[in-house]
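Undergrad: In the numbering used here, the protein residues as written are 331 to 824.
I have a structure I would like to understand better, so I am pasting it below and will then ask my questions one at a time.
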């Protein structure tokens with residue numbers, strides 16, 4: 331592979347970039363197959379054990395429910411509870427190189443908790459009109475044991491299939507190693523010995539070796555100051571920083587180079603750090619101690635799915651129930667001034683992709699000829715527009731952007747392309763806020779940072795939101811936005 335340069339990547343690299351969508355799809359498919367396999371084994375264990383002990387149950391005088399809806403209701407609730415328990419135990423994280431023993435212990439714990447949950451569900455079902463399932467001691471013990479053994483064996487088979495796929499370049503991850511000296515070479519040799527992990531190391535980034543030279547069989551792609559460009563050119567998914575004898579500030583500088591890219595960052599500590607720091611997390615490269623740099627919470631596909639479900643549900647409800655109100659606003663806009671009801675403006679969203687953001691028109695039609703940045707008492711704003719802006723009702727059409735997936739209910743507010751380019755050059759880590767979807771409201775906005783306020787301060791709030799996202803955090807921001815609207819506390823809204 332050639333060293334990094336300032337010229338754009340060749341067409342072949344761009345074509346390969348488009349193909350990088352496939353590993354994500356494969357990863358989702360592999361996770362789904364694992365969920366289905368667990369559910370088949372868990373439900374199959376219960377059904378098989380019940381069938382085996384059917385005669386003994388009848389002989390004991392216990393009543394087996396004959397209504398298939400009773401069994402289906404139990405299995406549905408049981409399956410939902412099982413997936414939640416298995417997910418909370420980290421059994422769907424798809425960690426590369428995870429210990430089989432650790433996984434078996436997690437399965438043991440998850441199945442045991444699921445068995446307890448099955449008893450609770452069975453106890454509660456009669457309260458809603460169902461018949462109680464005859465869970466005897468033998469049925470519980472044999473279902474529990476067969477589920478544990480079945481899930482462990484199934485996961486062993488699943489792991490074998492995943493290893494085969496990775497050897498055939500499916501579900502692989504591109505990696506860059508920062509540091510070509512002994513620590514970096516140790517990481518590289520560990521990965522080279524374990525091809526089943528599916529890592530494809532593209533090369534080193536080093537300040538000590540000549541660019542374009544070969545170290546331990548890998549090319550040196552650039553300097554640490556060029557890490558962001560190297561990641562872009564190679565389309566790396568992961569960066570491992572393996573430097574020795576460097577100051578903490580040097581390490582932070584290197585991490586900053588990669589933070590604006592959608593990559594996972596890990597640090598392999600040098601010997602001194604390894605001895606003095608007892609808070610290291612053990613990584614998945616043959617138990618190399620790796621410190622994981624905090625990644626955006628929404629990099630997790632489960633979190634992304636939860637956020638998208640909230641976006642779809644909330645935006646659909648607003649668009650359906652608010653339709654008559656939308657029509658009244660549109661009528662008021664048309665009665666006051668000629669021109670379109672809606673205002674479309676190009677904004678920059680997730681991964682720096684442009685999109686057309688919808689708003690109710692609040693200015694004269696020729697407003698953009700007299701400036702682009704809104705100021706207090708702006709003469710271009712119409713009377714209806716001033717009311718809409720002060721209450722933020724002009725933003726409501728963006729629910730359409732949310733519904734089609736261009737925006738989210740909560741996230742960093744989108745800016746025009748010209749401002750994104752300018753702020754990206756002036757403000758450190760500004761472009762990192764574009765790792766997530768733009769939002770209709772955000773942590774910065776509910777804290778008064780909107781309109782003509784500090785972009786640096788707004789960026790700090792946006793990055794805090796991205797790095798600390800949770801579904802509860804989104805709900806909190808939505809509730810505070812609604813409260814601000816009802817109480818008229820729309821700071822800097824003009």
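C-beta atoms are modelled at their ideal positions from N, C-alpha and C, and glycine is treated no differently.
Keep in mind that this is a model prediction, so the values were computed, not measured.
Is it true that the stretch 767-780 meets the stretch 804-816, where meeting means three or more beta-carbon pairs spaced less than 8 angstroms apart?
TA: Output reads yes: the stretch 804-816 touches the stretch 767-780.
Undergrad: Please state the DSSP three-state secondary structure of residue 628.
TA: Locating residue 628 in the chain shown gives position 298, where the first residue counts as 1. Residue 628 falls in the helix class under three-state DSSP.
Undergrad: Grab me the residues of residue 825's own chain with a C-beta within less than 8 angstroms of its C-beta, minus the 5 sequence neighbours each way, in chain order.
TA: Since the first and last residues shown for the chain are 331 and 824, residue 825 lies out of range.
Undergrad: Using DSSP bridges, identify the partner residues of residue 771.
TA: Stepping through the chain shown from its first residue, residue 771 is reached at position 441. DSSP lists 740 as partners of residue 771.
Undergrad: Is the stretch 580-596 close to the stretch 520-529, with three or more CB pairs under 8 angstroms?
TA: No, the stretch 580-596 does not touch the stretch 520-529.
Undergrad: Among residues of its own chain, excluding the 5 on either side of residue 492, which ones have a beta-carbon nearer than 7 angstroms to its beta-carbon?
TA: Indexing the chain shown from 1 puts residue 492 at position 162. Excluding sequence neighbours, residue 492 sits near 360 and 501.
Undergrad: Below 8 angstroms on the Cβ atoms is my guess for residue 538 versus residue 511; work out the distance and round it to an integer in Å.
TA: The count along the chain shown starts at 1 and reaches residue 538 at position 208. The count along the chain shown starts at 1 and reaches residue 511 at position 181. Yes, residue 538 and residue 511 are in contact; Cβ-Cβ is about 6 angstroms, under 8 angstroms.
Undergrad: Please list the terminal residues of the continuous beta strand (DSSP E) segment that includes residue 533.
TA: The residue given as residue 533 occupies position 203 in the chain shown. Element bounds for residue 533: 529-535.
Undergrad: Along the chain, where does the beta strand (DSSP E) containing residue 507 start, and where does it finish?
TA: In the chain shown, the residue the question calls residue 507 occupies position 177. Looking at the DSSP string, the run of the beta strand (DSSP E) that includes residue 507 is 503-508.
Undergrad: Cα separation between residue 522 and residue 356?
TA: Translated into the one-based positions of the chain shown, residue 522 becomes position 192. Translated into the one-based positions of the chain shown, residue 356 becomes position 26. Going by the C-alpha atoms only, they are around 23 angstroms apart.
Undergrad: Do residue 714 and residue 766 count as a contact pair if the criterion is CB distance below 9 angstroms?
TA: Indexing the chain shown from 1 puts residue 766 at position 436. Indexing the chain shown from 1 puts residue 714 at position 384. For residue 766 and residue 714, no; Cβs fall outside 9 angstroms.
Undergrad: What are the residues that DSSP puts in a beta bridge with residue 686?
TA: Taking the chain shown and counting its residues from 1, one reaches residue 686 at position 356. DSSP lists 676 as partners of residue 686.
Undergrad: Report the option in 632, 726, 595 and 633 whose CA atom is closest to the CA atom of residue 657.
TA: Here residue 657 refers to the residue found at position 327 when the chain shown is read from its first residue. Among 632, 726, 595 and 633, the Cα nearest to that of residue 657 belongs to 726.
Undergrad: Apart from the five residues just before and just after residue 440, which ones in its own chain have a Cβ nearer than 7 angstroms to its Cβ?
TA: Residue numbering aside, residue 440 sits at position 110 when the chain shown is read from its first letter. These residues qualify, in order along the chain: 415, 416, 419 and 421.
Undergrad: What do you get for residue 816, buried or exposed, if any count of 16 or more other CB atoms within 10 angstroms of its CB means buried?
TA: As a first step, residue 816 is located in the chain shown; it is residue number 486 there, counting from the start. By the 10 Å Cβ count, residue 816 comes out exposed.
Undergrad: What does the alpha-carbon distance come out to for the pair residue 544 and residue 507?
TA: Looking up residue 544 in the chain shown gives position 214. Looking up residue 507 in the chain shown gives position 177. Approximately 13 angstroms, taken between the alpha carbons.
Undergrad: In whole angstroms, give me the CA-to-CA distance for residue 530 and residue 489.
TA: Locating residue 530 in the chain shown gives position 200, counting from the first residue. Locating residue 489 in the chain shown gives position 159, counting from the first residue. Each residue's Cα considered, the two are about 19 angstroms apart.
Undergrad: Compare the C-alpha of residue 685 against each of 363, 752, 598 and 732 and name the closest.
TA: Residue numbering aside, residue 685 sits at position 355 when the chain shown is read from its first letter. The option with the nearest alpha carbon to residue 685 is 732.
Undergrad: Between which two residues does the beta strand (DSSP E) holding residue 733 run?
TA: The residue given as residue 733 occupies position 403 in the chain shown. Per DSSP, residue 733 belongs to no beta strand (DSSP E); it is in the alpha helix (DSSP H), 728-733.
Undergrad: Do the CB positions of residue 681 and residue 764 come within less than 9 angstroms of each other?
TA: Numbered from 1 along the chain shown, position 351 holds the residue referred to as residue 681. Numbered from 1 along the chain shown, position 434 holds the residue referred to as residue 764. Cβ distance < 9 angstroms, so residue 681 and residue 764 count as in contact.
Undergrad: What separation, rounded to the nearest whole angstrom, lies between the Cα atoms of residue 722 and residue 663?
TA: Locating residue 722 in the chain shown gives position 392, counting from the first residue. Locating residue 663 in the chain shown gives position 333, counting from the first residue. Between residue 722 and residue 663, the C-alpha separation is close to 15 angstroms.
Undergrad: Measure the C-alpha to C-alpha separation of residue 639 and residue 645 and round it to an integer number of angstroms.
TA: Reading the chain shown from its first residue, position 309 is the one you call residue 639. Reading the chain shown from its first residue, position 315 is the one you call residue 645. Distance between the alpha carbons of residue 639 and residue 645: 10 angstroms.
Undergrad: Which residue marks the beginning of the alpha helix (DSSP H) containing residue 589, and which one marks its end?
TA: For the purposes of this step, residue 589 is taken as the residue at position 259 of the chain shown. Residues 578-589.
Undergrad: Can you tell me whether DSSP reads residue 571 as helix, strand or coil?
TA: Here residue 571 refers to the residue found at position 241 when the chain shown is read from its first residue. Residue 571: strand per DSSP, three-state reduction.
Undergrad: What's the gap between the Cα of residue 377 and the Cα of residue 366?
TA: For the purposes of this step, residue 377 is taken as the residue at position 47 of the chain shown. For the purposes of this step, residue 366 is taken as the residue at position 36 of the chain shown. When rounded, the distance between both Cα atoms is 16 angstroms.
Undergrad: Quick one: what's got a C-beta closer than 8 angstroms to residue 515's C-beta in the same chain, skipping five residues either side?
TA: Position 185 of the chain shown holds residue 515. Counting only Cβ-Cβ distances below 8 angstroms, and skipping sequence neighbours, we find 545 and 546.
Undergrad: What does the Cβ neighbour count give for residue 799, buried or exposed, with the cut at 16 atoms within 10 Å?
TA: Within the chain shown, residue 799 is the residue found at index 469, counting from 1. Counting Cβ neighbours within 10 Å, residue 799 comes out buried, since at least 16 surround it.
Undergrad: Return the Cβ separation of residue 438 and residue 478 in integer angstroms, given the expectation that the two are a contact with Cβ distance under 8 angstroms.
TA: What you label residue 438 is simply residue 108 of the chain shown in a count that begins at 1. What you label residue 478 is simply residue 148 of the chain shown in a count that begins at 1. Right, the Cβ-Cβ distance comes to about 6 angstroms (below 8 angstroms), so this counts as a contact.
Undergrad: Considering only the alpha carbon of each residue, which of 730, 690 and 728 lies closest to residue 711?
TA: Against the chain shown, residue 711 aligns to sequence position 381. Of 730, 690 and 728, the residue nearest in Cα terms is 690.
Undergrad: Give the range of the beta strand (DSSP E) segment to which residue 550 is assigned.
TA: Residue 550 sits at position 220 when you count from the first residue of the chain shown. It spans 548-552 - the beta strand (DSSP E) in which residue 550 sits, taken as one unbroken run.
Undergrad: Are the beta-carbon atoms of residue 694 and residue 743 separated by less than 9 angstroms?
TA: Here residue 694 corresponds to residue number 364 of the chain shown, with the count starting at 1. Here residue 743 corresponds to residue number 413 of the chain shown, with the count starting at 1. Not closer than 9 angstroms, so no.
Undergrad: Any idea if residue 606 is buried or exposed, counting beta-carbon neighbours within 10 angstroms, 16 or more meaning buried?
TA: On the chain shown, position 276 is the one that residue 606 refers to. Residue confidence for residue 606 is low, a pLDDT of 41 falling below 50, so the modelled location carries little weight; the figure read from the coordinates is stated next. When all chains shown are included, residue 606 counts as exposed.
Undergrad: In the DSSP assignment, what are the bridge partners of residue 711?
TA: Sequence index remark: in the chain shown, residue 711 carries index 381 (1-based). Its beta-bridge partners are 693.
Undergrad: How far does the alpha helix (DSSP H) with residue 597 in it extend, from its first residue to its last?
TA: For the purposes of this step, residue 597 is taken as the residue at position 267 of the chain shown. Careful: residue 597 lies outside any alpha helix (DSSP H), inside the beta strand (DSSP E) at 594-597.
Undergrad: Tell me whether the beta-carbon of residue 793 lies closer than 9 angstroms to the beta-carbon of residue 748.
TA: By one-based count along the chain shown, residue 793 stands at place 463. By one-based count along the chain shown, residue 748 stands at place 418. Not a contact, by the Cβ cut-off of 9 angstroms.
Undergrad: What do you get for residue 382, buried or exposed, if any count of 16 or more other CB atoms within 10 angstroms of its CB means buried?
TA: Position 52 of the chain shown holds residue 382. Exposed, by the Cβ-count rule.
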